[in-house]
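Remarks on the structure that follows.
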Amino acid sequence: MNCSKILDMVYHYSDNDGTEDSMPMLSQIQICLHTIFCRDCAEKIERYETARHIMRNDFSPPSPRLEDSVMLKIASDGELQENVPYAVPGGLSTRGWIIAGLIIVISLGTSFFGLDFQKIADETGISFLLPFGITAGIVLTSYCVFFIGSHIKELTERFGL
Ligand SMILES: [Zn+2]
């Protein structure tokens with residue numbers, strides 16, 4: 178079995194889209210054995226498989242997902258619209274916001290306690306607390322503003338404002 182025959186087999190059986198199963202077991206074994214001993218073919222086949230994989234996944238997105246999103250859109254056009262979980266387009270979901278908020282609080286807390294706080298406070302006096310307080314205040318305030326701003330619809334619905 179020479180190189181061109183092996184490659185012909187690979188190209189032939191992969192032509193019928195995604196049905197590698199249809200390749201006879203004998204051919205699979207032949208190709209497998211050949212690639213063990215022939216580095217050249219192994220590389221060619223690998224490159225070919227990678228290209229095919231990219232072509233399949235990146236250039237033609239799987240239709241079920243598109244179908245689902247279309248169906249969801251149709252469903253949400255009617256009265257179901259209010260029941261669709263509210264999410265900021267291209268932004269964070271409510272869960273994402275809560276996680277982000279926790280991360281901010283934790284990172285502020287750890288930077289607060291992680292510093293040799295007592296020592297710095299002793300050396301610099303109360304003036305150290307001021308910039309830290311301002312920074313923490315700004316971060317938390319802007320977080321709240323962004324959160325409320327992006328969830329205004331949800332919040333007004335939930336609390337009947
Ligand atoms: Zn070869």
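In our numbering, the protein residues as written are 178 to 338.
For every residue, glycine included, the Cβ atom is placed at its ideal position computed from N, Cα and C.
Residue i: CB within 7 Å of a non-hydrogen atom of ligand 1
i	result
residue 208	no
Residue i, enclosing alpha helix (DSSP H) - first and last residue
i	result
residue 235	From DSSP, residue 235 is part of no alpha helix (DSSP H); its letter is neither H nor E.
residue 202	202–214
C-beta neighbour in chain D for residue i, strict 8 Å
i	result
residue 323	Among the chains of the structure shown, chain D does not appear; only one protein chain is present.
Backbone secondary structure at residue i - three-state DSSP
i	result
residue 270	coil
residue 189	helix
residue 260	Residue placement at residue 260 cannot be trusted, given a pLDDT of 48 that sits under 50; what the coordinates show is reported in the next sentence. In this structure, residue 260 counts as helix in the three-state DSSP scheme.
residue 337	coil
residue 265	Note on residue 265: pLDDT 47, under 50, position unreliable in the model; the coordinate value appears next. Three-state DSSP puts residue 265 in coil, outside helix and strand.
Spatial neighbours of residue i in its chain, beta-carbon cut-off 8 Å, leaving aside the 5 residues before and after
i	result
residue 324	274 and 278
residue 204	186 and 190
Cut-off 7 Å between Cβ atoms - residues of its own chain near residue i, not counting five sequence neighbours on either side
i	result
residue 320	278 and 281
residue 214	none
residue 333	none
residue 285	313 and 316
residue 208	183, 186 and 187
Contact test: residue i Cβ vs ligand 2 heavy atom, cutoff 7 Å
i	result
residue 227	Ligands in the displayed structure: ligand 1; ligand 2 is not one of them.
Residues of its chain near residue i, where Cβ-Cβ distance is below 6 Å and the 5 sequence neighbours each way are ignored
i	result
residue 317	none
residue 180	218
residue 233	none
Legend entry - Sequence-ordered residues whose beta carbon comes within less than 5 Å of a heavy atom of ligand 1: 180, 215 and 218
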